[in-house]
Every structure is written in C-alpha cells, then in structure tokens.
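K.L.:
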C-alpha cells in the first residue's frame, strides 16, 4: 500500500497568543527568520541604491571616495558577511517555500527548515574568508 | 503577484548570488572604484585580484542584462515582500491601501534611481 501523504492537522492555538513563540516549533522560527532576513535585505537594498546614487549625482570621483571609505573599516566586512548570511538563509528557506507551493516536502517541513539552517551555516562559514580577508 | 514573487525569488538566487560572487569573491568590496565599475557595466570585464585572482571577459550584454534584471527583481521582490508583511498584520483596508500606494511609489523611485546609476557608469 502506498504511503499516505495527507498532512495531519492540529490546533495551532490562538493566532493572537503572543506567548506562542516560546513553544519551540521549527516552522514558526522559519516564518519569523524569513521575515527578519527579508526586512534586512530590503532595507539594505534601499540604502545600497542610495549610496550608489553618488555615482550619478556627484560624479565618479566622489563615488570612488565613498565606496573606498565605506569598505575600509573591518567591522563593515563582518556586517557584509551578516548580509550574505541573510541572503543565503532567505534563498534556501525560499526554496523550501517554493517546494511547499508545489506540494512537495510538506510532511518534512520542520526537517527542511533545520536543513536550510545547517546549509546556510556551512555556506557562510566556507565563504567567511572571502569577506574577512584582505 | 504571488507567482511573480516566486519567479523573482528563484531568479534572485542566481542574480544576487552572481552579484555577491563578483563583488566580494572576485573584485573585493575594498577595491571597488568608478573606473572598474565602468569596465564591468560597459564592457562586461570583471577583473579581480581579491580572493580569486581571475579576469572574466563576459559578453557586455549579458552583464548588463544581469545588472538590470537584478535591479528589477530585487526592487519588486523586496518592496512587495515588505508590503506583504504589512498586510499579514491584518491592519485594516485603509492601511493596506496606503501601504500598497507607498511601496508602489518607492519601487518606481528605486527603479528610476537604479537605471540612472547604471547610466552613470555606462560609458562606451
């Protein structure tokens, strides 16, 4: 007999219950992390275009000065690695969401969340030298 | 709109992945100048002596397409995504309409600014 792939339903409690975050559920952490990284990336996009706009409004020389000045401090490199981490997690968890849209992997959604966290961690650690050296 | 969010999302994995690879693995954030930005946007020439010392001479049209697609996809995906977070809070019809209006205007402004930046470094 083939495996029953229907998804079990269960009471999620009150949606409005603010203490729900304390119940450890992978799916909910995936939800909040996806929103958080999305907000970070969107905010960065707006600031990024603002900084690059010096190239149009203030000329090439100012652009080079601004880009060099911003990239100089070490702490910026750490923050760029953080931005990369946000991108990698958002991309992997986004892939997980697209899988659900295609009705795949719903029964292992929590494991897929842990997989996207683990893969993100591995990719960010492997990429860290590219951001932090030089 | 829902489908567009998925399509741009998958596209951004490649476009933004490529952008990170070029800027942080090959060129290096500390080495960005107006001159090498012009080289990339106008000639598709990616020169790097950062962590990966390579020179990629890709087709200029391909690089330009990747840059403009990255702009369009990231602005849509980002602004529509934040608008969705607002709608998820169930803030009422008035706020939803305001949010839609605000992020539409902001998207148009960002797109125009992005094209102007592209134009500033497009110098054949």
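Residue numbers (my numbering), protein chains in the order written: chain Z, -9 to 124; chain P, 460 to 583.
Where is the CB? At the ideal position from N, CA and C, for every residue including glycine.
In this text, all values refer to a predicted model and were calculated from it rather than measured experimentally.
(1) Per DSSP, what are the beta-bridge partners of residue 514(P) in this structure?
(2) From residue 581(P) to residue 100(Z), what distance separates their C-alpha atoms?
(3) Could you tell me which chain P residues have their CB closer than 8 Å to the CB of residue 74(Z), listed as they occur along the chain?
(4) Whose CA, out of 80(Z), 103(Z), 41(Z), lies closest to the CA of residue 536(P)?
(5) Taking only beta carbons into account, state which residues of the region 489 to 511 of chain P come closer than 9 Å to chain Z, listed in chain order.
(6) Beta-carbon within less than 6 Å of residue 128(Z)'s beta-carbon, same chain only, minus the 5 sequence neighbours each way: which residues are those?
(7) Can you name the residues of chain P whose CB is closer than 8 Å to the CB of residue 43(Z)?
(8) Taking Cβ-Cβ distances shorter than 7 Å, what residues in chain Z pair up with residue 579(P)?
(9) Less than 8 Å between CB atoms is the rule here; does residue 35(Z) satisfy it with respect to chain P?
(10) Can you list, in chain order, the residues of its chain with a C-beta nearer than 7 Å to that of residue 525(P)? Leave out the 5 residues immediately preceding and following it.
(11) Is residue 518(P) buried or exposed, if buried means 16 or more other CB atoms sit within 10 Å of its CB?
(12) Does the Cβ-Cβ distance between residue 127(Z) and residue 106(Z) come in under 8 Å?
(13) Just to confirm, is the Cβ distance from residue 114(Z) to residue 71(Z) under 8 Å?
(14) Taking residue 25(Z) as the query, report the chain P residues whose CB atoms sit under 7 Å from its CB, ordered along the chain.
(15) Would you mind giving the Cβ-Cβ distance between residue 540(P) and residue 39(Z), rounded to the nearest angstrom? I have them listed as a contact below 8 Å.
(16) Less than 8 Å between C-beta atoms, sequence neighbours within five positions excluded: which residues of the same chain meet that for residue 482(P)?
(17) Quick one: which chain P residues come within Cβ less than 7 Å of residue 31(Z)?
(18) Grab me the residues of residue 496(P)'s own chain with a C-beta within less than 7 Å of its C-beta, minus the 5 sequence neighbours each way, in chain order.
(19) Could you check whether the Cβ of residue 557(P) sits closer than 8 Å to any Cβ belonging to chain Z?
(20) Answer with buried or exposed for residue 112(Z), where buried requires no fewer than 16 other C-beta atoms within 10 angstroms of its C-beta.
(21) What whole-angstrom Cβ distance do residue 128(Z) and residue 65(Z) have, given they're in contact under 8 Å?
(22) Ends of the alpha helix (DSSP H) at residue 86(Z)?
(23) If we ignore side chains and look at the alpha-carbon of each, how far apart do residue 461(P) and residue 122(Z) end up?
P.N.:
Checking against the coordinates, here is how it stands:
(1) 506(P).
(2) If I take the Cα positions, the gap works out to 47 Å.
(3) For residue 74(Z), the chain P residues whose C-beta falls within less than 8 Å of its own C-beta are 479, 483, listed in chain order.
(4) Closest in alpha carbon position to residue 536(P), among 80(Z), 103(Z), 41(Z), is 80(Z).
(5) For the region 489 to 511 of chain P, the residues whose beta carbon sits under 9 Å from a beta carbon of chain Z are, in order, 489, 490, 491, 492, 493, 494, 496, 497, 509, 510, 511.
(6) Any property of residue 128(Z) remains undetermined from this structure, which presents chain Z solely from -9 to 124.
(7) Per Cβ cutoff of 8 Å: 572, 575, 576.
(8) Annotation: Cβ neighbours of residue 579(P) in chain Z (cutoff 7 Å, chain order): 45, 46.
(9) Contact with chain P is found for residue 35(Z), since one of that chain's Cβ atoms lies less than 8 Å from the residue's Cβ.
(10) Excluding sequence positions up to five before and after residue 525(P), its CB lies within less than 7 Å of the CB of 474, 477, all in the same chain and listed in chain order.
(11) Exposed, by the Cβ-count rule.
(12) Chain Z is shown only over -9 to 124; residue 127(Z) falls outside these bounds and no answer can be derived.
(13) Against a cut-off of 8 Å, the Cβ pair of residue 71(Z) and residue 114(Z) comes out as a contact.
(14) Near residue 25(Z) (Cβ distances below 7 Å), the residues of chain P are 544.
(15) At roughly 16 Å, the Cβ-Cβ gap does not stay under 8 Å, so residue 540(P) and residue 39(Z) are not in contact.
(16) The answer, listed in chain order, is 488, 491.
(17) Neighbours of residue 31(Z) in chain P, taken as residues whose beta carbon is under 7 Å from its own, are 537 in chain order.
(18) Same-chain partners within the cutoff: 580.
(19) Output row for residue 557(P): interface = no.
(20) Exposed, by the Cβ-count rule.
(21) No answer is possible for residue 128(Z): the residues shown for chain Z start at -9 and end at 124.
(22) Counting along the chain, the alpha helix (DSSP H) containing residue 86(Z) begins and ends at 64 to 91.
(23) CA-CA distance, residue 461(P) to residue 122(Z), rounds to 37 Å.
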